[in-house]
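When you line the sequence shown up against the numbering used here, it's residues 7 to 96, in that order.
Using N, Cα and C, we set each Cβ at its ideal position, and we do this for glycine too.
Structure first, commentary second.
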Amino acid sequence: MDKQEKKPVDEKQKWVNRILKSAKQYHKICPYFDKRTKMCFITLGTKCDREGKFDTCPVFKAFLEKKYDEYKAKSQPLPLDFSDVVASPL
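Encoded structure:
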């Protein structure tokens with residue numbers, strides 16, 4: 007039973023890590039960071055305390071986890087690349 011309970015979380019973390027790795031290939035700093043105002047577009051108006059570094063950003067990771075939940079709730083296939091996440095209508 008414990009393996010079945012952990013499996014969705016592991017699958018979710020694998021997907022989030024894969025998308026994070028993919029995002030690093032496309033972007034040097036967070037794609038949701040405004041350099042001019044130093045604001046985060048995900049949190050809508052709060053300053054980014056990481057200066058755009060999204061490797062270990064809890065806000066960016068939570069955003070991806072939320073996207074994962076949205077895809078699973080609608081029974082849609084998971085994107086394999088960060089550009090697919092950005093381009094999707096969800």
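Length of the line joining the Cα atoms of residue i and residue j
i: residue 89; j: residue 37; result: 11 Å
i: residue 23; j: residue 30; result: 11 Å
i: residue 67; j: residue 41; result: 20 Å
i: residue 32; j: residue 95; result: 20 Å
i: residue 52; j: residue 16; result: 30 Å
i: residue 93; j: residue 87; result: 10 Å
Strand pairing of residue i, partner residues [DSSP]
i: residue 53; result: 45
i: residue 87; result: Beta-bridge pairing links residue 87 to no other residue.
Pair within 8 Å by beta-carbon distance, residue i and residue j
i: residue 20; j: residue 71; result: no
i: residue 49; j: residue 65; result: yes
Supposed contact pair residue j and residue i - C-beta distance, whole angstroms, cut 8 Å
i: residue 35; j: residue 59; result: 7 Å
- prompt: Where are the alpha helix (DSSP H) runs, 4 residues long or more, that stay fully inside the stretch 56-81, in chain order?
  reply: 64-79
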